[in-house]
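Novice: Pasting a structure below so you can have a look.
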Amino acid sequence: MGDVLRILDRFRITGRGVVYTVKISKGCIIHIGDVLLDLRGNRFEVSGIEMFRGIIAEGKSFEDMPLGLMFKQLDGVEAYGNILVKDLNDINFIFCNHPLYQRKVDEDYEVEYQEAGLHHSCALFSYEDMERGKLSLFGEEISGLTIYRGWMMKPEMYSDFYTLLEQKGIYLINTPEEYERYHTLPGWYDDFADETAQSVWETEGNVENALLKAKQLSGSYIVKDYVKSRKHEWYDACFISNIADVANTASVIKNFVERQGDSLVGGIVLRKFENLKQIGFHERSGMPISEEYRVFVYAGKVLIMDNYWTEKEDVKLSDSEISWIESIAKKIRSNFATVDIARKADGELVIMELGDGQVSGLQQIDEKVFYQSFDSEEGIPVEEFFPEGTVILSGNPMPDKTAEQMQLEIEQISNTQELVDAYVLVHNKFWYIEDDLYDYEEGTEDYIRVRDNVEAWGEMMDLLDDRVMSTAKEEGLLAERQPDSGTIKQFEEFMKKYGYRDGRGWWVKIER
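What follows is the structure in structure tokens.
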């Protein structure tokens, strides 16, 4: 069985350090000295165990009580996400089955199911049975940490799904609370109000209540429920060109509610229409199509993203925009979520929606690349939204190696290839861990510890940078330095000779 520890809270005890309160999966046994992994592969050695004494409530077992753990952070960082495991290779996937053929996957997820099954155990379940409160499992037997990929569920249905799976030793990556937080607009809106369109909502799905809210507004608005709009019925049941036009506003809202029917989730949301940079119109609905990106966020970092609507449009993100997207990812309090981002007509980016990653479609992302991204430690090639060949690191390079160990290896370098190999490792490692400093308050113990680790790797990188520059110059392969380009462009031809290319900031092996 794959052991799963779900982090409930983190707090500091003066003189002792950070304590993680965790809920452990049934049958999981923890010892001092055990090494656990977060979802990014960072390692944590158990250095202390705290039991929180108290009366066990009726109907609860000892395993239901939270456990306090103290860790030695082997990679010098706090845990990303809210899950710790003993083996990251134990991640499973669960898909909806075909409604007519129980042991086949739903045809809309057939390619995903095949790609996921290459490296992970995959189970099936009946979505239709689950709608009636019954869990029917098919396919491989699984246990431990599991990611659902399938159709949206109302929060109540997901909660039942989560609980029934948990009883069988299967632990979905997101709790019901995490699912609802990002599946419904009111759950995430306050955390991102400054980065998204102004929104108001009522809680009952009542047209009259929504019209009362509308009286306080002006301009153009979109009507939706907590989860979805009817954007493919743009003019009839989605877009309100002038919310002060009471008759038209009432008509659009009424159409939306009637057409949603029993599918309406939560209440009615009125969301300020953002004037986006248009790249066309949907051929059937007439809905304007904009420059838009879907970003999958895994344990607080970008897992993968792609252009939402088109494969052909030449769309690009600047370095500052990428940094902004990464800052959004850090704010997400879920292990697996999505962010839909669009470009406004004035050029700025805006958050359009957030969602639970388990029920978000891949859009233009290739299924193979998507499932490889859960396993890759070196990087993920991303198409369309970056220049060709761009790589995003998905895991900590050299998670098992300390700065001291790397320094000893550098002292043993005997030829140019070894020098280049070491430079690549140190360069990628430094730029991966460098932004960890921003996770801590300056002057705290954690900040000082991370700062010292970053500085140690930075000093090595500077020394190797000088050695590579000198060697490249000797070989006549050092280019002139260009403004604002750093050494990447200077070293490009030299690094190519020794088997590496620029992955847009990371050095990546050239595939032969």
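The numbers in the working numbering rise by one with no breaks, and the one at position 80 of the sequence shown is 927.
All C-beta atoms in this analysis are idealised placements derived from N, C-alpha and C, irrespective of residue type, glycine included.
It should be emphasised that the depicted structure is a prediction, and the values quoted were computed from it without experimental measurement.
By Cβ distance below 7 Å, which residues in the same chain neighbour residue 1059 in space, the five residues on each side in sequence not counted?
Specialist: Result list for residue 1059: empty, nothing under 7 Å.
Novice: Flag this pair as touching only if the region 955-969 and the region 923-932 have three or more C-beta atom pairs under 8 Å; answer yes or no.
Specialist: No, they do not touch.
Novice: Within 10 angstroms of the Cβ of residue 1337, are there 16 or more other Cβ atoms? Answer buried if so, exposed if not.
Specialist: Classification for residue 1337: buried.
Novice: Hey, residue 1001 and residue 1112 are a contact pair by Cβ (cut 8 Å); roughly how many whole angstroms apart?
Specialist: About 6 Å; that satisfies the 8 Å criterion.
Novice: Three or more beta-carbon pairs under 8 Å between the region 1312-1325 and the region 1260-1278, yes or no?
Specialist: Yes: at least three Cβ pairs fall under 8 Å.
Novice: Does the beta-carbon of residue 1232 have 16 or more other beta-carbons within 10 angstroms, so that it is buried, or is it exposed?
Specialist: Residue placement at residue 1232 is flagged as unreliable, the pLDDT there being 46, under the threshold of 50; the coordinate-derived value follows with that caveat. So residue 1232 counts as buried.
Novice: In angstroms with no decimal places, state the Cα-to-Cα distance between residue 850 and residue 1144.
Specialist: Whole-angstrom Cα-Cα distance: 23 Å.
Novice: Using the DSSP secondary-structure output, state which residues sit across from residue 1341 in a beta bridge.
Specialist: Answer by DSSP bridge pairing: none, since residue 1341 is not bridged.
Novice: What are the boundary residues of the beta strand (DSSP E) that residue 867 is part of?
Specialist: Taken as a continuous stretch (DSSP letters only), the beta strand (DSSP E) holding residue 867 covers 864-871.
Novice: Measuring alpha carbon to alpha carbon, tell me which residue in 1204, 962 and 968 is nearest residue 997.
Specialist: When only C-alpha atoms are compared, the closest one is 1204.
Novice: Would residue 942 pass as a contact of residue 971 if the rule is Cβ separation under 8 Å?
Specialist: The answer is yes: Cβ separation under 8 Å.
Novice: Residue 964 lies in the alpha helix (DSSP H); which residues open and close that run?
Specialist: Run containing residue 964: 957-964, per the alpha helix (DSSP H) assignment.
Novice: In terms of DSSP beta bridges, what is residue 1071 paired with?
Specialist: For residue 1071, which the question treats as bridged, DSSP gives the partners 1076 and 1116.
Novice: Per the contact definition of three or more C-beta pairs closer than 8 Å, is the region 1166-1174 in contact with the region 1008-1026?
Specialist: No, because fewer than three Cβ pairs between the region 1008-1026 and the region 1166-1174 fall closer than 8 Å, the two stretches do not touch.
Novice: Which residue or residues does DSSP assign as beta-bridge partners of residue 1200?
Specialist: Its beta-bridge partners are 1187.
Novice: Rounded to whole angstroms, what is the Cα-Cα separation between residue 1123 and residue 1057?
Specialist: Distance between the alpha carbons of residue 1123 and residue 1057 is about 25 Å.
Novice: By Cβ distance below 6 Å, which residues in the same chain neighbour residue 802 in space, the five residues on each side in sequence not counted?
Specialist: Nothing can be reported for residue 802, as the shown portion of the chain is limited to 848 through 1359.
Novice: Look up residue 1048 in the DSSP assignment and say whether it is helix, strand or coil.
Specialist: Strand, per DSSP.
Novice: Quick one: give me the first and last residue of the alpha helix (DSSP H) that residue 1034 is part of.
Specialist: That run of the alpha helix (DSSP H) goes 1032-1035.
Novice: Where does residue 1158 fall in DSSP's three states?
Specialist: Legend: pLDDT at residue 1158 = 44, less than 50; position of this residue unreliable, no value from coordinates given.
Novice: Would you call residue 858 buried or exposed, if buried means 16 or more other Cβ atoms sit within 10 Å of its Cβ?
Specialist: Answer is exposed; the Cβ neighbour count stays below 16.
Novice: Can you tell which of 1054, 1093, 992 and 1188 has the C-alpha that lies nearest to the C-alpha of residue 1140?
Specialist: Looking at the Cα atoms, 1188 is the closest of the given residues.
Novice: Beta carbon of residue 1310, beta carbon of residue 1319: below 8 Å?
Specialist: Their beta carbons are not under 8 Å apart, which means residue 1310 does not touch residue 1319 by this criterion.
Novice: Could you tell me which uninterrupted beta strand (DSSP E) segments, each at least 3 residues in length, are contained entirely in the region 953-1013, listed from first to last along the chain?
Specialist: Listed in chain order, the complete beta strand (DSSP E) runs (minimum 3 residues) inside the region 953-1013 are 969-972, 984-986 and 991-996.
Novice: Please determine, among 1245, 1021, 1149 and 1295, the residue with the shortest C-alpha to C-alpha distance to residue 1275.
Specialist: Closest by alpha carbon: 1245.
Novice: Work out the CA separation of residue 962 and residue 1214 for me, nearest whole Å.
Specialist: For residue 1214 and residue 962, the distance between alpha carbons rounds to 7 Å.
Novice: Identify which residue in 1070, 1109 and 1065 has its Cα closest to the Cα of residue 1090.
Specialist: Minimum Cα distance to residue 1090 is reached at 1065.
Novice: Nearest CA to the CA of residue 1117: which residue from 1100, 1109 and 1105?
Specialist: The option with the nearest alpha carbon to residue 1117 is 1100.
Novice: With DSSP run on the structure shown, which of helix, strand or coil describes residue 1385?
Specialist: The first residue shown for the chain is 848 and the last is 1359, placing residue 1385 beyond what the model contains.
Novice: Leaving out five residues on either side along the sequence, give the residues of the same chain with a beta carbon under 6 Å from the beta carbon of residue 1307.
Specialist: Closer than 6 Å at the Cβ level, and outside the excluded window around residue 1307, lie 1273.
Novice: Can you tell me whether residue 920 is buried or exposed, with buried defined as 16 or more other CB within 10 angstroms of its CB?
Specialist: Result: buried.
Novice: Under the three-state reduction of DSSP, which class applies to residue 1295: helix, strand or coil?
Specialist: Reduced to three states, the DSSP call for residue 1295 is helix.
Novice: Rounded to the nearest angstrom, how far is the Cβ of residue 1073 from that of residue 1032, given a contact under 8 Å?
Specialist: With 8 Å as the limit, residue 1073 and residue 1032 qualify as a contact, their Cβ atoms being about 5 Å apart.
Novice: In the DSSP assignment, find the alpha helix (DSSP H) that holds residue 1268 and state where it starts and stops.
Specialist: Where residue 1268 is concerned, the enclosing alpha helix (DSSP H) stretches over 1263-1280.
Novice: Measuring alpha carbon to alpha carbon, tell me which residue in 883, 1006, 949 and 940 is nearest residue 992.
Specialist: The shortest C-alpha separation from residue 992 is found at 940.
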